[in-house]
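Read in numbering that gives the first Met the number 0, the sequence shown has 53 at position 54, and its numbers run on one by one without any break. Glycine residues also receive a C-beta, built at the ideal position from the N, C-alpha and C atoms. Okay, so here's the structure we're looking at.
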Amino acid sequence: MKPPPFVYHAPKNLDEALSLLNQHSSDAKVLAGGQSLVPMMNFRVAQPAILIDLNKIKELAYIKEGSDGLRIGAMTRQRSVERDAKVANRAPLLHETVPHIAHPQIRNRGTIGGSVAHADPAAELPTIMLTLNAKLLAKSQKGERWIEAESFFVGLFTTALEPDEMLVEIRIPDLPARSGYAFEEVARRHGDYAMMGAAATLTLDESGKCKDVRLVFLSVGETPLLSSFASKVLVGNKPTPELIQSAAANTDIVPSSNIHASERYRKHLANVLGRRVLTKAYERAQQG
Numbered sequence: 000m001k002p003p004p005f006v007y008h009a010p011k012n013l014d015e016a017l018s019l020l021n022q023h024s025s026d027a028k029v030l031a032g033g034q035s036l037v038p039m040m041n042f043r044v045a046q047p048a049i050l051i052d053l054n055k056i057k058e059l060a061y062i063k064e065g066s067d068g069l070r071i072g073a074m075t076r077q078r079s080v081e082r083d084a085k086v087a088n089r090a091p092l093l094h095e096t097v098p099h100i101a102h103p104q105i106r107n108r109g110t111i112g113g114s115v116a117h118a119d120p121a122a123e124l125p126t127i128m129l130t131l132n133a134k135l136l137a138k139s140q141k142g143e144r145w146i147e148a149e150s151f152f153v154g155l156f157t158t159a160l161e162p163d164e165m166l167v168e169i170r171i172p173d174l175p176a177r178s179g180y181a182f183e184e185v186a187r188r189h190g191d192y193a194m195m196g197a198a199a200t201l202t203l204d205e206s207g208k209c210k211d212v213r214l215v216f217l218s219v220g221e222t223p224l225l226s227s228f229a230s231k232v233l234v235g236n237k238p239t240p241e242l243i244q245s246a247a248a249n250t251d252i253v254p255s256s257n258i259h260a261s262e263r264y265r266k267h268l269a270n271v272l273g274r275r276v277l278t279k280a281y282e283r284a285q286q287g
């Protein structure tokens, strides 16, 4: 199938793009890497009247270090994030996760901002943004605002962005001292959408007790799921294998059955992957 007719714009700078978005608002879609939007248009799941192509806006493609963390422009290719030494140093969980995204050909074109704004609950990047407590910069002609990752993902393929707003930057804070991280997923083949995935960060205090933990699951509902249960179990305690097992057994997770796996099996995967990422994050936190 082919998409229905649309008007195509290719702005050369951010101001021009925001002006077009302000003019056409809910009738428009912005095109980043196109790895999700173009197939949706071909199947007529998405039918924008106006398409605003961001690929000529070079100012949105960058990876910069700051005093409080890492700043990544929304049009930065996933392959660039995967290979960047600054990402490996300042955001190792993101560095470890990106190779799990689809295939190199997809990552060559796909952008970090495009994936996050698309808000697919089975995608890796929204889960990592929530795990790392990232902040997302939205801009429109009216101004700009920072949105916490916990408030950004509001439903299936739905974010807190207004119709005239565009995601332009992602800011990832540094992990505190004595922190560890981990990501794992299970898919039928590498590059397929995961049947289940989990990411975690864990921070220890000076006595070796858990000071903070974030356990997030992908492919369990309409948004990435942050487990409040894991925090209740682990914070203030030493993460023993028994406590980690208990924290991973999240009764709040009720994944639906699909053609790939039953609800029972996906629930089992969530418990196993939750235990694995918490264990690995704890081991890394102990190593400093």
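Can you name the start and end residues of the beta strand (DSSP E) that residue i belongs to?
i    : result
R70  : 68-72
T200 : 195-203
P172 : 165-172
Y7   : 6-8
V153 : 152-154
I49  : 49-52
Within 10 angstroms of its Cβ, does residue i collect 16 or more other Cβ (buried), or is it exposed?
i    : result
L17  : buried
Y180 : buried
I258 : exposed
L155 : exposed
G65  : exposed
Q286 : exposed
R283 : buried
V153 : exposed
Q140 : exposed
A229 : buried
D83  : buried
Q34  : buried
K266 : buried
S226 : buried
T75  : buried
G142 : exposed
A176 : exposed
S178 : buried
K138 : buried
S79  : buried
F182 : buried
Per DSSP, what are the beta-bridge partners of residue i in this structure?
i    : result
T110 : R76
G65  : G68
V97  : Per DSSP, none; premise fails for V97.
Y180 : T200
K138 : E143, M165
D185 : The question names Asp, but residue 185 in the sequence shown is Val. In DSSP, V185 forms a bridge with M195.
L225 : V215
T158 : F152
Whole-angstrom Cβ separation of residue i and residue j, contact assumed at under 8 Å?
i    : j    : result
L277 : A246 : 6 Å
I62  : K11  : Rounded, the Cβ-Cβ distance is 22 Å, inconsistent with contact.
L242 : T200 : Going by Cβ atoms, the distance from L242 to T200 rounds to 17 Å, so no, they are not a contact pair.
L224 : V232 : That belief does not hold up - the Cβ atoms of L224 and V232 are roughly 16 Å apart, past 8 Å.
A45  : L36  : 6 Å
A159 : G112 : With 8 Å as the limit, A159 and G112 do not qualify as a contact, their Cβ atoms being about 14 Å apart.
G68  : P162 : G68 to P162, Cβ: 29 Å. No contact.
A133 : R170 : 6 Å
Quick one: give me the first and last residue of the alpha helix (DSSP H) that residue i is part of.
i    : result
K210 : Where K210 is concerned, there is no enclosing alpha helix (DSSP H), although the beta strand (DSSP E) it sits in stretches over 209-217.
A27  : That residue, A27, is in no alpha helix (DSSP H); its beta strand (DSSP E) goes 27-30.
T278 : 262-285
T239 : Run containing T239: none; DSSP gives neither H nor E here.
H259 : Element bounds for H259: n/a, residue is neither H nor E.
N21  : 13-23
V37  : 36-41
P125 : 123-130
K55  : No alpha helix (DSSP H) contains K55, which DSSP labels as neither H nor E.
V86  : 84-89
At least three beta-carbon pairs within less than 8 Å, the stretch 159-166 to the stretch 104-120: yes
The stretch 48-60 / the stretch 18-35 touching (three or more Cβ pairs under 8 Å): yes
Below 8 Å, can you find three or more Cβ-Cβ pairs linking the stretch 91-104 to the stretch 190-203? yes
Can at least three beta-carbon pairs, one atom from the stretch 191-205 and one from the stretch 120-139, be found at a separation below 8 Å? yes
Meets three-Cβ-pair contact criterion under 8 Å: the stretch 202-213 and the stretch 229-249: yes
Looking at C-beta atoms only, is the number of pairs between the stretch 248-257 and the stretch 220-232 that lie closer than 8 Å three or more? yes
Closer than 8 Å is the cut-off here; do at least three beta carbon pairs connect the stretch 143-155 with the stretch 5-25? no
Is the stretch 126-142 touching the stretch 86-94 in the sense that three or more CB pairs, one from each, lie closer than 8 Å? yes
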